[in-house]
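Residue numbers (numbering that gives the first Met the number 0): 0 to 712.
Only one structure is covered here, and it is reproduced in the block below.
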Amino acid sequence: MESPSCPQCYAQVLGTRFKLLRQADTTQSQKSSRFVTAQSPEFTFACGNLRIARIALDVPVAKLFDYRIPESLHLAAGDCVWVPFGRSARLGIVVGLALRSELPLARLRSVLGPCESVPRLGSDWLGFMSFLAQYYQRPFGQVAAACLPPRLRRAQPLKSGGGESSSPPLSERPRFLAPHPLTEAQRRAVDRIASAFGRFQPFLLHGVTGSGKTEVYLHLISLAIARGCQALLLVPEIGLTPQLEARVRSAFPAARIALLHSGLQARPRSEAWLAAARGEAEIVLGTRLAVLAPMPRLGFIAVDEEHDSSFKQQEGLRYSARDAAVARARAIACPVVLGSATPALETWHNALAGRYERIELPERAAAGARLPEIRTVDLRADPPRAGIAPTAIEAIATRLAAGEQSLVFVNRRGYAPVVCCDACGWAAGCRRCSAHLVLHAPPACLRCHHCGAREAVPRACPVCGNVDLRPAGRGTQRVEEALLRLFPRARVIRFDRDSARRRRHFALTLEAVRRGEGDILVGTQLLAKGHDFPALTLVVVLDADRSLRATDYRAPERLFATLLQVAGRAGRRDQPGLVLVQTRLPGHPLYAALAAHDYAAFAATQLEERRAAGFPPFVHEALLRAEADSLEAALSFLRRAARLVPVPPGVRAYDPVPRLVSRKAGRHRAQLLFQSDSRPRLQRHLAALGEALGDRAPGSVRWHWDVDPIELE
Numbered sequence: 000m001e002s003p004s005c006p007q008c009y010a011q012v013l014g015t016r017f018k019l020l021r022q023a024d025t026t027q028s029q030k031s032s033r034f035v036t037a038q039s040p041e042f043t044f045a046c047g048n049l050r051i052a053r054i055a056l057d058v059p060v061a062k063l064f065d066y067r068i069p070e071s072l073h074l075a076a077g078d079c080v081w082v083p084f085g086r087s088a089r090l091g092i093v094v095g096l097a098l099r100s101e102l103p104l105a106r107l108r109s110v111l112g113p114c115e116s117v118p119r120l121g122s123d124w125l126g127f128m129s130f131l132a133q134y135y136q137r138p139f140g141q142v143a144a145a146c147l148p149p150r151l152r153r154a155q156p157l158k159s160g161g162g163e164s165s166s167p168p169l170s171e172r173p174r175f176l177a178p179h180p181l182t183e184a185q186r187r188a189v190d191r192i193a194s195a196f197g198r199f200q201p202f203l204l205h206g207v208t209g210s211g212k213t214e215v216y217l218h219l220i221s222l223a224i225a226r227g228c229q230a231l232l233l234v235p236e237i238g239l240t241p242q243l244e245a246r247v248r249s250a251f252p253a254a255r256i257a258l259l260h261s262g263l264q265a266r267p268r269s270e271a272w273l274a275a276a277r278g279e280a281e282i283v284l285g286t287r288l289a290v291l292a293p294m295p296r297l298g299f300i301a302v303d304e305e306h307d308s309s310f311k312q313q314e315g316l317r318y319s320a321r322d323a324a325v326a327r328a329r330a331i332a333c334p335v336v337l338g339s340a341t342p343a344l345e346t347w348h349n350a351l352a353g354r355y356e357r358i359e360l361p362e363r364a365a366a367g368a369r370l371p372e373i374r375t376v377d378l379r380a381d382p383p384r385a386g387i388a389p390t391a392i393e394a395i396a397t398r399l400a401a402g403e404q405s406l407v408f409v410n411r412r413g414y415a416p417v418v419c420c421d422a423c424g425w426a427a428g429c430r431r432c433s434a435h436l437v438l439h440a441p442p443a444c445l446r447c448h449h450c451g452a453r454e455a456v457p458r459a460c461p462v463c464g465n466v467d468l469r470p471a472g473r474g475t476q477r478v479e480e481a482l483l484r485l486f487p488r489a490r491v492i493r494f495d496r497d498s499a500r501r502r503r504h505f506a507l508t509l510e511a512v513r514r515g516e517g518d519i520l521v522g523t524q525l526l527a528k529g530h531d532f533p534a535l536t537l538v539v540v541l542d543a544d545r546s547l548r549a550t551d552y553r554a555p556e557r558l559f560a561t562l563l564q565v566a567g568r569a570g571r572r573d574q575p576g577l578v579l580v581q582t583r584l585p586g587h588p589l590y591a592a593l594a595a596h597d598y599a600a601f602a603a604t605q606l607e608e609r610r611a612a613g614f615p616p617f618v619h620e621a622l623l624r625a626e627a628d629s630l631e632a633a634l635s636f637l638r639r640a641a642r643l644v645p646v647p648p649g650v651r652a653y654d655p656v657p658r659l660v661s662r663k664a665g666r667h668r669a670q671l672l673f674q675s676d677s678r679p680r681l682q683r684h685l686a687a688l689g690e691a692l693g694d695r696a697p698g699s700v701r702w703h704w705d706v707d708p709i710e711l712e
């Protein structure tokens, strides 16, 4: 069966797999499979001789493991158990029960006992894990067992089993305290999405910045809770969670809210995961990993800023949380809302094709607020001082005099992207990566943003001895320094990954800015989305042209989204907002669409270019990536891999090439690209090639799949 053209809806192809999870199928083949199904818990001991458990473990082996079930122990699919593995005990998940094993019964080791702290994982969650394993070409055990919090996987075996939680009575469900009345457009959106409760329906909530998408989410969450369901709200960045968490808690003061992201300490992360898995948390709020949490009563999913590349995991299971959210909603038959002012082109294409229902929020929600005016500043006619054009300097000074806030946006952290020698052309590079070292100050040092290496700034050029080394380009630290010189009495606050390392400090600083305690903000994309600063009326964008020179075909899409998002921080109340984009290409069509706030026109142009060039969403892609001690070893492995399985008609395989950053942390990296107009055809080839590869990687070579990659570098 051919799949829909959208990657998010590929779960439909695996519909029969989800149905199997609700059937008692004891006649399936006893051969271990990479992609597994589970018997329903109701069938667990219909036959007394089912004494073998099929266990999924977080190990890099594409099979399940058989263990004997002790006479005193009663297990069902979805139970978490401790089993011996090698010389240690591991936590695994019971996927099914078997009549016999390929191994003699005498050689089977026994289950040690249940993990009583973890509730039984439902068949819908096991089916979701099975879909992820098959789609992203990973062993089932490495997908399902790896979703358990690290602290639980490291705990000691417990002696007795735990029970399952039930949903709270209607009288005990938390009340919703609506922060603001809905506009007419918001009300229509809530009513339309609420009408889809109880069935699968994907929505694209396309709202301009400041249109109140969060208010729509909150009202829909309240309706889900009233129905006895759990709600899942995904955000792209950890830095966005404090503000959104505060809004959710103020709207639902009596609700149990589970916060899930990788920045949490082990104990609170495990407690939040268990609250979600037991059904105790009415609301789960988190970044991409939250979509993997078991939620037995899940009835509504929202993905805020769905276009953001942070939703794509780049290690381990390389999944898209946005696509996974749609697949999960399909499996459990609930609505899913993808919200953005600048939707991903794949999402926009799905809406144009009718696969998603598009709902518009065309105006800002706050009374008197309107979209900011966006202008370009031609740097050829208005040469910058310390990177900032005189027109922008004057605009900042005007806001300072009026007691208003300004944001200077530069999407580079550090002091300068590179330190170089004008005499011979030397530039400071990382010894372990094929990348420049970034100058940070104070204190002055060189850092690699790929492997984390640090070096002292050399006193002289190591090639020619020239002592007059200079920083080239500008990062947030250098821009902050320039602004302090230009406006010595202003309160300048910098926001980037370096200043946001301590989550509590970052949240307190954001709150102070919202109270008006800063005059000029300097920041990266951390400030581009999700923040609401009432007094901010001016945004100045530096170095926007850099993305227009990139070779990545996704660069214009990302640039437009970033600029429109950061522009949306200005004028969110009754004061008008102004955005100044510094450029040497003021006539570029992207800037024309940006000035008109016309995402639809920009998207139409980009989709037509991608259709002509044969890029997603009009084709489907996967990368086989390899790394080794030498570049030749990685390329040689990929060349051999390409010949293992004949490439079928309808699938295109390209020559292996080094990645853009071909060496990272001392390892050399290369990749092999596959494309196809048919997603099932591509998936079948990936599965066949993965099975043929097995453990054939020689020596130091390591390989992995990246399905639907967002970076082809």
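Ideal placement from N, C-alpha and C gives every residue a C-beta, glycine not left out.
{"Check": "Could you give the residue range of the alpha helix (DSSP H) that holds His684?", "Outcome": "678 to 692"}
{"Check": "Would you kindly check if the distance between the Cβ of Leu692 and the Cβ of Leu622 is under 8 Å?", "Outcome": "no"}
{"Check": "Do Gly386 and Arg473 have their C-beta atoms within less than 8 Å of each other?", "Outcome": "yes"}
{"Check": "Roughly how far, in whole angstroms, is the beta-carbon of His684 from the beta-carbon of Val650, given that I think they are within contact range, below 8 Å?", "Outcome": "5 Å"}
{"Check": "Helix, strand or coil for Leu288 per DSSP?", "Outcome": "helix"}
{"Check": "Here's a check: name, in chain order, each residue in its chain whose Cβ is nearer than 7 Å to the Cβ of Gly209, leaving out the five neighbours to either side.", "Outcome": "Arg363, Ala364, Ala365, Ala368, Gly567, Arg571"}
{"Check": "Below 8 Å CB to CB, which residues in the same chain sit around Lys158 once its five sequence neighbours on both sides are set aside?", "Outcome": "With a pLDDT of 44 at Lys158, under the threshold of 50, the modelled position of this residue cannot be trusted, and the question is left open."}
{"Check": "Reducing DSSP to helix, strand and coil, say where Glu607 ends up.", "Outcome": "helix"}
{"Check": "Hey, how far is the Cα of Ala301 from the Cα of Val335?", "Outcome": "6 Å"}
{"Check": "So, at 7 Å on beta carbons, what are the nonlocal neighbours of Arg357 in its own chain, with the 5 sequence-adjacent residues on each side left out?", "Outcome": "Leu203, His205, Ala350"}
{"Check": "Buried or exposed: which applies to Asp694, given that a residue is buried once 16 or more other Cβ atoms fall within 10 Å of its Cβ?", "Outcome": "exposed"}
{"Check": "Nearest CA to the CA of Pro697: which residue from Phe636, Asp322, Leu231?", "Outcome": "Phe636"}
{"Check": "Assign Arg198 to one of three DSSP states: helix, strand, or coil.", "Outcome": "coil"}
{"Check": "Could you pull out every residue in the same chain whose Cβ sits closer than 8 Å to the Cβ of Ala332, ignoring the five residues on either side in sequence?", "Outcome": "Gly197, Arg198, Phe199"}
{"Check": "Beta strand (DSSP E) containing Gln185: first to last residue?", "Outcome": "Note, Gln185: premise wrong, no beta strand (DSSP E); alpha helix (DSSP H) at 183 to 193."}
{"Check": "Suppose you measure from the CA of Val656 to the CA of Ala669; what does that come to, to the nearest Å?", "Outcome": "6 Å"}
{"Check": "Closest by CA to Ala177, which one among Asp190, His439, Tyr216?", "Outcome": "Tyr216"}
{"Check": "Taking all protein chains shown into account, decide if His179 is buried (16 or more other Cβ within 10 angstroms of its Cβ) or exposed.", "Outcome": "exposed"}
{"Check": "Measuring alpha carbon to alpha carbon, tell me which residue in Glu305, Phe310, Ala388, Arg317 is nearest Trp347.", "Outcome": "Glu305"}
{"Check": "How many angstroms separate the CA atom of Leu507 from the CA atom of Arg490?", "Outcome": "16 Å"}
{"Check": "Pull up the DSSP beta-bridge partners for Gly522, would you.", "Outcome": "Phe408, Phe494"}
{"Check": "What is the DSSP secondary structure of Ser261, reduced to helix, strand or coil?", "Outcome": "coil"}
{"Check": "Which term fits Asp518, buried or exposed, when burial requires 16 or more other beta carbons within 10 angstroms of its beta carbon?", "Outcome": "buried"}
{"Check": "What do you reckon, are the CB atoms on Val82 and Val110 nearer than 8 Å?", "Outcome": "yes"}
{"Check": "Let me check understanding here. Comparing Cα to Cα, which of Leu436, Tyr66, Glu70, Ser629 lies closest to Pro103?", "Outcome": "Tyr66"}
{"Check": "In this structure, how does DSSP classify Lys212 when only helix, strand and coil are distinguished?", "Outcome": "helix"}
{"Check": "When the Cα atoms are used, what is the spatial distance from Ala534 to Ala595?", "Outcome": "23 Å"}
{"Check": "Is the beta carbon of Leu233 within less than 7 Å of some heavy atom of the ligand GDP?", "Outcome": "Absent from the structure shown: the ligand GDP. Ligands present: none."}
{"Check": "Any beta-carbon of chain C closer than 8 Å to the one on Val491?", "Outcome": "Chain labels in this structure do not include chain C; a single protein chain is all it has."}
{"Check": "Taking the beta carbon of Tyr134 as the centre, do at least 16 other beta carbons fall within 10 Å, making it buried, or is it exposed?", "Outcome": "buried"}
{"Check": "I'd like the span of the alpha helix (DSSP H) that includes Asp322, first residue to last.", "Outcome": "320 to 331"}
{"Check": "Could you check which residue in Ala324, Ala230, Asp322 has the C-alpha nearest to that of Leu284?", "Outcome": "Ala230"}
{"Check": "Using the Cβ count rule (16 or more neighbours within 10 Å means buried), how would you classify Gln264?", "Outcome": "exposed"}
{"Check": "The beta strand (DSSP E) with Leu671 in it runs from where to where?", "Outcome": "666 to 675"}
{"Check": "Starting from the C-beta of Cys460, find all residues in its chain whose C-beta is less than 8 Å away, skip the five residues before and the five after it, and write them out in chain order.", "Outcome": "Cys420, Ala422, Cys423, Trp425, Val466, Leu468"}
{"Check": "Just how far apart, CA to CA, sit Arg137 and Pro708?", "Outcome": "15 Å"}
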